[in-house]
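Here the structure comes first, spelled out in structure tokens, and everything after it is commentary.
Number of protein chains: 2
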Amino acid sequence: MGLKLYVDRLSQPSRAVLIFCKANGIDFEEIKVEIFKRQHLSPEFEGTVMIAVIPTTLEIKSLGEAINPLQKLPAIVDGNFKLFESHSILIYIASAFPGVANHWYPADLTKRAKIHSVLDWHHLNLRHGAVIYLRNILAPILGLPLNQEAAAEGEKILISSLSIIENIWLQGNGLYLLGSFQPSIADLSLVCEIMQLEILDEKDRDRILSPHKKVLQWIENTRNATKPHFDEVHNLLYKLKKNLSAQYQANGMMELKIKTPLTSKL
Amino acid sequence: MGLKLYVDRLSQPSRAVLIFCKANGIDFEEIKVEIFKRQHLSPEFEGTVMIAVIPTTLEIKSLGEAINPLQKLPAIVDGNFKLFESHSILIYIASAFPGVANHWYPADLTKRAKIHSVLDWHHLNLRHGAVIYLRNILAPILGLPLNQEAAAEGEKILISSLSIIENIWLQGNGLYLLGSFQPSIADLSLVCEIMQLEILDEKDRDRILSPHKKVLQWIENTRNATKPHFDEVHNLLYKLKKNLSAQYQANGMMELKIKTPLTSKL
Chain A
1 MGLKLYVDRL
11 SQPSRAVLIF
21 CKANGIDFEE
31 IKVEIFKRQH
41 LSPEFEGTVM
51 IAVIPTTLEI
61 KSLGEAINPL
71 QKLPAIVDGN
81 FKLFESHSIL
91 IYIASAFPGV
101 ANHWYPADLT
111 KRAKIHSVLD
121 WHHLNLRHGA
131 VIYLRNILAP
141 ILGLPLNQEA
151 AAEGEKILIS
161 SLSIIENIWL
171 QGNGLYLLGS
181 FQPSIADLSL
191 VCEIMQLEIL
201 DEKDRDRILS
211 PHKKVLQWIE
221 NTRNATKPHF
231 DEVHNLLYKL
241 KKNLSAQYQA
251 NGMMELKIKT
261 PLTSKL
Chain B
1 MGLKLYVDRL
11 SQPSRAVLIF
21 CKANGIDFEE
31 IKVEIFKRQH
41 LSPEFEGTVM
51 IAVIPTTLEI
61 KSLGEAINPL
71 QKLPAIVDGN
81 FKLFESHSIL
91 IYIASAFPGV
101 ANHWYPADLT
111 KRAKIHSVLD
121 WHHLNLRHGA
131 VIYLRNILAP
141 ILGLPLNQEA
151 AAEGEKILIS
161 SLSIIENIWL
171 QGNGLYLLGS
181 FQPSIADLSL
191 VCEIMQLEIL
201 DEKDRDRILS
211 PHKKVLQWIE
221 NTRNATKPHF
231 DEVHNLLYKL
241 KKNLSAQYQA
251 NGMMELKIKT
261 PLTSKL
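Shown next as structure tokens:
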């Protein structure tokens with residue numbers, strides 16, 4: 001009984017775990033949780049967006065107690081051992097599987113502590129902001145009521161988090177977080193979170209991301225360090241982005257309706 | 001240059017770190033960040049409440065880049081090494097200082113992974129719910145506008161988190177989280193979070209906590225495992241509780257005004 005990953009490639013922490021295993025040559029079985037069939041969503045397209053904006057961990061009703069009593073993705077089963085929460089999964093795999101290079105999760109206690117610190121910070125900052133923003137900005141596409149205050153609050157947390165990454169976590173001349181010249185699990189986790197912004201309208205994405213030049217370069221560095229797996233695992237998200245672009249273009253008015261009050265608030 | 005802890009005993013993660021060090025006989029210097037003087041808050045009492053409901057990490061403008069560029073508590077300095085985020089601090093101290101019993105942060109990879117999983121879950125569940133709820137329910141005392149929707153949302157997340165602790169994390173016959181018979185850093189972190197509810201009006205506290213019998217017993221178990229340090233470190237919170245009780249009694253109408261819409265929403 002080898003390592004089983006219960007994942008959805010549209011969920012950002014699922015992608016981080018998948019890319020990590022592929023980049024480190026770890027054998028695993030990818031168990032795709034077929035959300036469409038289970039949630040009986042229709043039309044299929046709307047279901048896809050719903051998945052892509054749902055948080056950090058993804059509630060899957062039928063994942064069941066056998067795998068994860070909280071019914072969320074990603075989850076893993078390694079022999080008889082079950083685990084969820086993506087950061088914990090990344091740390092476990094980096095520690096338990098031979099052949100993972102030290103830079104992903106260094107044995108040195110101070111380096112390791114700094115990586116924990118970034119990962120802890122992630123939850124209530126970058127992740128929290130990105131999830132609130134995406135969920136609310138895409139509400140009209142999901143057929144949900146638009147909560148402009150929530151979207152504005154999410155955008156504020158998201159932009160503040162990107163500034164902290166730019167000015168604090170990416171300080172120095174390194175290519176990765178904490179001034180490192182090689183990536184860690186924290187780089188992968190945070191970059192996958194930011195990649196979720198790809199499904200935004202191009203103008204929104206650029207407005208939020210483009211002022212953060214170091215962040216953009218760091219995303220490229222992480223992509224390069226894990227190629228070709230990074231793009232292969234993100235391929236489903238790129239397809240969704242393409243589908244949504246057509247929607248945005250066809251529905252300029254709706255877009256305008258969302259953005260005007262947001263811009264005026266910030 | 002020994003271990004320095006930059007803490008405020010009214011901040012829940014600061015207390016977790018303090019109790020952990022005291023319970024494990026670790027030498028440290030407690031550097032109390034004197035928030036009153038720096039924030040120039042007046043009257044002093046209101047300042048105290050403000051501190052007690054501010055999140056997980058506490059923003060201290062004057063903490064400065066030398067200690068923590070994000071200017072938050074708790075933070076530590078160990079020789080030349082600086083660290084913040086309470087979970088990361090607990091893990092670092094448990095790993096770097098001799099004499100910490102294995103049960104606090106087990107060397108076994110699967111046990112350790114489960115503790116990471118609880119700690120990761122904490123951020124966007126128990127901590128998130130408790131902070132939103134406390135900040136909003138105490139808004140009138142802080143002279144801030146009451147956001148009933150936010151308070152109701154915080155209470156919902158908080159109660160859901162307590163149910164998950166009761167039914168999932170405290171499953172089995174153990175005395176602590178994950179069915180353990182000895183406490184880990186996760187017990188201390190989560191219990192200190194819940195202890196912040198002590199500053200609520202007694203009726204609110206009981207309404208939220210009393211249905212969770214296992215949670216109440218587990219708080220007692222954690223208190224017993226770390227005595228006398230647990231109560232000694234919480235003493236400032238108990239004093240605040242006493243002061244606030246008098247306020248609640250003197251201001252029954254305000255209390256009623258907060259609770260009615262909350263109850264009707266949930």
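As you go down the protein sequences, you meet chains A and B in turn.
Note that the first sequence covers residues 1 to 266 in the UniProt record's numbering.
Note that the second sequence covers residues 1 to 266 in the UniProt record's numbering.
Glycine included, each C-beta is placed from N, C-alpha and C at the ideal position.
Check	Outcome
Have a look at residue 111 of chain B and residue 196 of chain B and give me their C-alpha separation to the nearest angstrom.	27 Å
May I ask you to report which of helix, strand or coil DSSP gives residue 241 of chain B?	helix
Around the C-beta of residue 181 of chain B, are 16 or more other C-beta atoms found within 10 angstroms, so that it is buried, or is it exposed?	exposed
Any idea what DSSP makes of residue 141 of chain B, helix, strand or coil?	coil
When DSSP labels each residue in this structure, what does residue 75 of chain B get in the three-state scheme?	strand
Taking 9 Å as the CB-CB limit, is residue 56 of chain A close to chain B?	Per-residue confidence for residue 56 of chain A stands at a pLDDT of 42, beneath the threshold of 50, marking its modelled position as unreliable; the derived number appears in the next sentence. Chain B, which has a Cβ nearer than 9 Å to the Cβ of residue 56 of chain A, makes this yes.
The beta strand (DSSP E) with residue 6 of chain B in it runs from where to where?	3-7
Using the Cα positions of residue 247 of chain A and residue 121 of chain B, report the straight-line distance between them to the nearest angstrom.	35 Å
Helix or strand or just coil, what does DSSP make of residue 227 of chain B?	coil
Quick one: residues in its chain with C-beta nearer than 6 Å to the C-beta of residue 93 of chain A, no 5 flanking neighbours on either side, listed in chain order?	none
On the criterion of 16 or more Cβ atoms from any shown chain inside 10 Å, does residue 249 of chain B qualify as buried, or is it exposed?	exposed
For residue 30 of chain A, which beta-bridge partners are listed by DSSP?	A/5
With a cut-off of 9 Å, does the C-beta of residue 88 of chain A fall near any C-beta of chain B?	yes
Would you list the one or two residues that DSSP bridges to residue 83 of chain A?	A/76
Pull out every residue of the stretch 102-127 of chain A whose Cβ sits closer than 9 Å to any Cβ of chain B, in chain order.	109, 110, 112, 113, 114, 115, 116, 117, 118, 119, 120, 121, 122, 123, 124 and 127
Quick one: residues in its chain with C-beta nearer than 6 Å to the C-beta of residue 265 of chain A, no 5 flanking neighbours on either side, listed in chain order?	Low confidence applies here, because residue 265 of chain A scores a pLDDT of 31, under 50, leaving its location unreliable; read the following figure in that light. The answer, listed in chain order, is 152.
Find the nearest neighbour of residue 33 of chain A within the set A/75, A/199 and A/3, judged by alpha-carbon distance.	A/75
So is residue 125 of chain B buried or exposed if we call it buried at 16+ other beta carbons inside 10 Å?	buried
Which of the three DSSP states, helix, strand or coil, is assigned to residue 17 of chain A?	helix
Take residue 107 of chain B and list the residues in its own chain whose beta-carbon comes closer than 6 Å to its own, dropping the five residues that flank it on each side.	none
When you compare only the Cα positions, how much space is there between residue 130 of chain A and residue 188 of chain A?	16 Å
Residue 81 of chain B touches chain A at which residues, Cβ-Cβ below 7 Å?	110
Can you find a CB in chain B that lies within less than 9 Å of the CB of residue 85 of chain A?	yes
DSSP three-state label for residue 108 of chain A, please.	coil
Determine, using beta-carbon pairs with one atom in the stretch 138-146 of chain A and one in the stretch 130-139 of chain B, whether at least three such pairs fall under 8 Å.	no
Is there a Cβ of chain A sitting closer than 9 Å to that of residue 92 of chain B, yes or no?	yes
I'd like to know whether the C-beta atoms of residue 212 of chain B and residue 163 of chain B end up nearer to each other than 9 Å.	yes
For residue 243 of chain B, which option in B/105, B/72, B/198 and B/174 has the closest C-alpha, if you only look at C-alpha atoms?	B/198
Counting Cβ pairs, one atom from each stretch, are 3 or more of them under 8 Å apart for the stretch 74-91 of chain B and the stretch 87-104 of chain A?	no
Report the three-state DSSP secondary structure of residue 189 of chain A (helix, strand or coil).	helix
With 8 Å as the limit, tell me which residues of the stretch 162-186 of chain B have their beta carbon closer than that to any beta carbon of chain A; keep them in chain order.	164 and 168
Note down the Cα distance separating residue 70 of chain B from residue 101 of chain A, rounded to an integer number of angstroms.	30 Å
Quick check on the DSSP output: the alpha helix (DSSP H) that includes residue 148 of chain A runs from which residue to which?	148-164
Specify, as a first and last residue, the run of the alpha helix (DSSP H) that residue 204 of chain B falls within.	202-209
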